[in-house]
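Notes to accompany the following structure.
Number of protein chains: 2
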Amino acid sequence: MKKFINLSAFRAILKTNNIDAYILPSTDPHLGEYFPDHWSIIPWLTGFTGSSATFFITDSYAGLWTDSRYFIQAEEQLKSSGFVLINSVYPGLTDFMEWLHENVKPESKIGFNGRTFSISIMRKIEKALKEKNVSFNIECDLISEIWTERPLMPLSIAFDHLVEFCGKGREEKINEVRELMKRQSTDYHLLTALDDIMWLLNIRGSDVKFSPLVTCFVLIGQEQILLFVDERQIPFRLAMEFDKLNIVMLPYEETEGMLSTLSYRKSILITPATTSVSLYNSIRKRTKIIEDISIPTRLKAIKNKVEINNIWKIMVKDGVALTKFFYWFEKSHGSLVVSELTISEKLNQLRAEQENYLGPSFSTIAAWNEHGASPHYLPTPESDSVIGAMGILLIDSGGQYLDGTTDITRTIAVGQPTEQQKRDFTNVLKGTINLAFAKFPHGTKGSQLDILARKALWEQGLNYGHGTGHGVGFCLNVHEGPQNIGPGSGSGSSTVIERGMLLSDEPAVYREGEYGIRIENLLLCVEDEETEFGQFLKFDTVSLCNIDKSLIDINLLNQNEIQRLNSYHALVFEKLSPHLTEDEQRWLKTKTGTLSSI
Amino acid sequence: MKKFINLSAFRAILKTNNIDAYILPSTDPHLGEYFPDHWSIIPWLTGFTGSSATFFITDSYAGLWTDSRYFIQAEEQLKSSGFVLINSVYPGLTDFMEWLHENVKPESKIGFNGRTFSISIMRKIEKALKEKNVSFNIECDLISEIWTERPLMPLSIAFDHLVEFCGKGREEKINEVRELMKRQSTDYHLLTALDDIMWLLNIRGSDVKFSPLVTCFVLIGQEQILLFVDERQIPFRLAMEFDKLNIVMLPYEETEGMLSTLSYRKSILITPATTSVSLYNSIRKRTKIIEDISIPTRLKAIKNKVEINNIWKIMVKDGVALTKFFYWFEKSHGSLVVSELTISEKLNQLRAEQENYLGPSFSTIAAWNEHGASPHYLPTPESDSVIGAMGILLIDSGGQYLDGTTDITRTIAVGQPTEQQKRDFTNVLKGTINLAFAKFPHGTKGSQLDILARKALWEQGLNYGHGTGHGVGFCLNVHEGPQNIGPGSGSGSSTVIERGMLLSDEPAVYREGEYGIRIENLLLCVEDEETEFGQFLKFDTVSLCNIDKSLIDINLLNQNEIQRLNSYHALVFEKLSPHLTEDEQRWLKTKTGTLSSI
Chain A
1 MKKFINLSAF RAILKTNNID AYILPSTDPH LGEYFPDHWS IIPWLTGFTG SSATFFITDS
61 YAGLWTDSRY FIQAEEQLKS SGFVLINSVY PGLTDFMEWL HENVKPESKI GFNGRTFSIS
121 IMRKIEKALK EKNVSFNIEC DLISEIWTER PLMPLSIAFD HLVEFCGKGR EEKINEVREL
181 MKRQSTDYHL LTALDDIMWL LNIRGSDVKF SPLVTCFVLI GQEQILLFVD ERQIPFRLAM
241 EFDKLNIVML PYEETEGMLS TLSYRKSILI TPATTSVSLY NSIRKRTKII EDISIPTRLK
301 AIKNKVEINN IWKIMVKDGV ALTKFFYWFE KSHGSLVVSE LTISEKLNQL RAEQENYLGP
361 SFSTIAAWNE HGASPHYLPT PESDSVIGAM GILLIDSGGQ YLDGTTDITR TIAVGQPTEQ
421 QKRDFTNVLK GTINLAFAKF PHGTKGSQLD ILARKALWEQ GLNYGHGTGH GVGFCLNVHE
481 GPQNIGPGSG SGSSTVIERG MLLSDEPAVY REGEYGIRIE NLLLCVEDEE TEFGQFLKFD
541 TVSLCNIDKS LIDINLLNQN EIQRLNSYHA LVFEKLSPHL TEDEQRWLKT KTGTLSSI
Chain B
1 MKKFINLSAF RAILKTNNID AYILPSTDPH LGEYFPDHWS IIPWLTGFTG SSATFFITDS
61 YAGLWTDSRY FIQAEEQLKS SGFVLINSVY PGLTDFMEWL HENVKPESKI GFNGRTFSIS
121 IMRKIEKALK EKNVSFNIEC DLISEIWTER PLMPLSIAFD HLVEFCGKGR EEKINEVREL
181 MKRQSTDYHL LTALDDIMWL LNIRGSDVKF SPLVTCFVLI GQEQILLFVD ERQIPFRLAM
241 EFDKLNIVML PYEETEGMLS TLSYRKSILI TPATTSVSLY NSIRKRTKII EDISIPTRLK
301 AIKNKVEINN IWKIMVKDGV ALTKFFYWFE KSHGSLVVSE LTISEKLNQL RAEQENYLGP
361 SFSTIAAWNE HGASPHYLPT PESDSVIGAM GILLIDSGGQ YLDGTTDITR TIAVGQPTEQ
421 QKRDFTNVLK GTINLAFAKF PHGTKGSQLD ILARKALWEQ GLNYGHGTGH GVGFCLNVHE
481 GPQNIGPGSG SGSSTVIERG MLLSDEPAVY REGEYGIRIE NLLLCVEDEE TEFGQFLKFD
541 TVSLCNIDKS LIDINLLNQN EIQRLNSYHA LVFEKLSPHL TEDEQRWLKT KTGTLSSI
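Residue numbers (our numbering), protein chains in the order written: chain A, 1 to 598; chain B, 1 to 598.
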């Protein structure tokens, strides 16, 4: 895939198109995190493979903007690409819009493809450049012209996601959504995010790596649902089911056209963050547009009882795969040559032995020593490291199962860890534990809880540059809002944490050039007591896998923390051991044995 | 003052003015928290004396909206006023705008006085009523017509606030503001908040109770400053000083007129939250309006070195006054009859013995037993309670000194406290301590720290309905942003906490019908270490007064907390004892003696 474009050739195309500057984000017409290779333009253009970036080019400048997770990786991958990492040239800058504001020349003609720009980003750009008197060409798809060997759009076959997995039939979901549409006084609801649509229609597919999605749009009315999709992707039996519910299939390409025919007098609910400029502009000017988070996004964030039961089940399966992996690793390391890529392969293979497994929920991060300092490092054949005799190994992986989605990080020591490594690990562990055992009144937001995972690190002058937790989908996106746990700059952190929400808990320490340590479990929000001061909530830790005791400095843990870790380990053994061989059981017994302070 | 208006008479006036509904907030043309009695309309109309309320009246409805701090008080004071407490009729509702949205009749003609409505509130109302097709009459001052014995506007004489107190001359401040105006590309800056103007011009006055303010507006340009004020309030020597800096005085009433003459081509920086609709509308339509927090608000939130030195000095004075008070209280209670109002009186008298004292910084809250459950209870002759033999006494008070502003709450037990009272007190104390000892990286916002003060309470199923901490001015408003520490619904909680900011730390428990417990200290943000992960900050607790050990259940404190309390008490004794009599010293020695776990 890595075929750097010739920058001067690209600039010639800018000139032909009468464009001074071109902006391109790493996304697709559904504005998702994962998308078909057809839309993997930035890796093809620049060599940078991180999941989040924006590219900006003029006749004299070629830069790439990404977030702090990818700084080290981007520096490495952009070498000799002709692109500079904007962030590293302006280290104090935290907002790309600020950079645009400072650096775009007045009167510029700016081009971009309105199909892959959300209306909310477009507005931010307009605001940032308000005083520059720039003009926009929003129908500027320069890529199709030049990317001759561009991958075709995928055509995976959709399948029915059964109620035994997801707990609620599509008819019931549709009724719920329509009920809430009435409350918001909206006639139509446009769904653009693929996870929203998969959830609503109880279908899954494999158009996209890591997320079981089918590429389509949906327009919901009170009587009818229009599904814009390539008909070949919908098998006959599903099409029949859809027909019963008055779900009408139309070609994918007709979405804009259909939106432009909506009556002047009607109102439509759209989500600015996932609605492209092109779709937005196709809605007639006088149609009343209501902007809000989508109704399916809100509904599916609250897992139902069937889903919660299934989540507990997949956590056992996932934990069994991980335990088998770590057992194998400990036995094999030394006799076999194990590299980061082997680890990734082996983990996938062990998960694949579990029932209802679909594939990894994201690209496995297996990071040895200094690779771990790059929070989202992905091993490639070029970077692949062999696991040596001494060091820190960070493994962040997850699976898609028909009965849910997992995401878990464990960091282990190979050989004898240093005192600093133990201190760092233990302070990260304190964070994981303290967030997991939070008790809080209903109404609390993720931004309020974030510090629980950071406090022990801050006390040592440590910190990590990413959020603490993201929402997790159900056999859908591994990063799925609206909820999250973070310092509060994004909107997700101001979402109230509700009973039934699933969130990750992943504090970390990254020491550049040395190693990275992260411990991640998934938390399910459940009810605690109700008092005169309100309904209180807490979390159940649902991820099941032992935590490396050889990296714990027990003197840094208080009694509470020790006891919590011990009871977690007891639970891990209890749940996983029935599914392990005798050797693995013995091994896990030791790994989960009681830790006691001296 | 309490002279309820006849509701039917008021409704007749609505009719005469062709108004269906009238809205009136508790504020003045400067949109401040404290204001001259001239603007105390809501107490005069309804009897409710809380500092924050909005009143809404139609021909069939008369309601008052306030916030949770005042629910109990409002229920009590509104009895037989004809007004209902809106909040208690709609208990789930947290936003007045939502209530308006639900309850205002379509096509209503709504009247209010644009001089006492901020443009930001006006916009919220417009948004809430967008679909109702209502019309607004924004020049509707119904009150002047009917309030015959309305207090006149005050005319206190301004005085020079010396650089030995405030650390920076007015010329330097003006230059700093102009520099920042250039960076924001603004030609003019309108100052409407009185604390902003007092800070900029280094003047103080006594137009307003509790805050040393002079009523005026200021318009800053790069060459000239226009000060809209009653000239009689500016003594000759100050006027001469102003003249040297090209500060030109104009009549207060001419502010709107002058704004309407600004050139079309100029830009003006205003703060929507403190700029009235009338002032806003007087700016010509084509003048470019830049909306942001005011520059003085940002600058004065960071206390300079002289101010910080002075803050430490006044904390000694304030602590001495408080210690003398509590000593007196313990000796007198039993022999003298002590009531809530006596306490308020006595405290003011003891503070007045200290150098540079101007008066209380807010109305003293002295609350015995169930009165304390109302977070902002103010004793009145009607409610005044005599302090009995057994119970909980909460005292929240503060002083204005030329060298700073204080705000401190202590809760003490009279007689033997119950186990529940000790548990509640100790959990509140844990909150006060844990926030005070936070260490956090630069960039952290108040919303992230809030939970540190609540965590111990949440673990017991307890909570409090107000923020944890507010910013504090310097010989200015006791509540002064932009910073605060809270759950994050307001904008203040998303302000980054900077070195030099002064904030309160006041967790609490309120048990309706029983008692209230609150412990409040002021915290000054100072630098901690700088590591590869950034600059870290921490707080110094600057308030100095012992904490009632008889209310502490030591089994609920960990070693860290005990040690922190002990070192705080050692500091209190060290700083205050030189200024006490021998008897008082002996008393304080016992009160601050080391607490040790068994």
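Heads up, the beta-carbon is just placed ideally off N, CA and C, and yes, glycines get one too.
For residue j and residue i, the rounded distance between their alpha carbons
i: proline 360 (chain B); j: asparagine 348 (chain B); result: 7 angstroms
i: serine 40 (chain B); j: threonine 432 (chain A); result: 51 angstroms
i: lysine 173 (chain B); j: methionine 501 (chain B); result: 18 angstroms
i: leucine 31 (chain B); j: lysine 127 (chain B); result: 20 angstroms
i: serine 120 (chain B); j: glutamate 98 (chain A); result: 25 angstroms
i: arginine 265 (chain B); j: isoleucine 197 (chain B); result: 26 angstroms
i: aspartate 28 (chain A); j: serine 447 (chain B); result: 34 angstroms
i: leucine 394 (chain A); j: lysine 455 (chain A); result: 22 angstroms
Boundaries of the beta strand (DSSP E) in which residue i is found, first to last residue
i: cysteine 525 (chain B); result: 521-531
i: leucine 24 (chain A); result: 21-25
i: lysine 439 (chain B); result: 439-441
Chain B within 9 angstroms of residue i, Cβ atoms only
i: glycine 461 (chain A); result: yes
i: phenylalanine 539 (chain A); result: no
i: tryptophan 458 (chain A); result: yes
i: alanine 12 (chain A); result: no
i: asparagine 133 (chain A); result: no
i: asparagine 103 (chain A); result: no
i: lysine 313 (chain A); result: no
i: asparagine 87 (chain A); result: no
i: threonine 444 (chain A); result: yes
i: alanine 53 (chain A); result: no
i: alanine 436 (chain A); result: no
i: serine 600 (chain A); result: One cannot answer for residue 600 (chain A) here, as it falls past the ends of chain A, which runs 1 to 598.
CB contact check: residue i to chain A, cutoff 9 angstroms
i: proline 154 (chain B); result: no
i: phenylalanine 210 (chain B); result: no
i: alanine 600 (chain B); result: No statement about residue 600 (chain B) is possible, as the shown extent of chain B runs from 1 to 598 and does not include it.
i: asparagine 281 (chain B); result: no
i: serine 60 (chain B); result: no
CB-CB length for residue i against residue j, believed under 8 angstroms
i: glycine 205 (chain B); j: phenylalanine 236 (chain B); result: With a Cβ gap of about 16 angstroms, glycine 205 (chain B) and phenylalanine 236 (chain B) do not count as contacting.
i: leucine 269 (chain B); j: methionine 258 (chain B); result: Wrong, their Cβ atoms sit about 16 angstroms apart, outside the cutoff.
Where residue i falls: helix, strand or coil (DSSP)
i: valine 306 (chain B); result: helix
i: lysine 538 (chain B); result: strand
i: lysine 168 (chain A); result: coil
i: histidine 470 (chain B); result: strand
i: histidine 189 (chain A); result: strand
i: methionine 1 (chain B); result: Note that methionine 1 (chain B) has pLDDT 44, beneath the 50 cutoff, so the model's placement of it is unreliable and the number below is only indicative. Here methionine 1 (chain B) sits in coil by DSSP.
i: glutamate 126 (chain B); result: helix
i: lysine 79 (chain B); result: coil
i: alanine 273 (chain B); result: coil
i: valine 134 (chain A); result: coil
i: histidine 569 (chain A); result: helix
i: isoleucine 174 (chain B); result: helix
Continuous alpha helix (DSSP H) stretch holding residue i: start and end
i: alanine 9 (chain B); result: 7-16
i: aspartate 195 (chain B); result: 194-201
i: aspartate 583 (chain A); result: 582-591
i: arginine 410 (chain A); result: From DSSP, arginine 410 (chain A) is part of no alpha helix (DSSP H) but of the beta strand (DSSP E) over 408-414.
i: serine 616 (chain B); result: The shown model of chain B, from 1 to 598, leaves out residue 616 (chain B), and the question about it has no answer.
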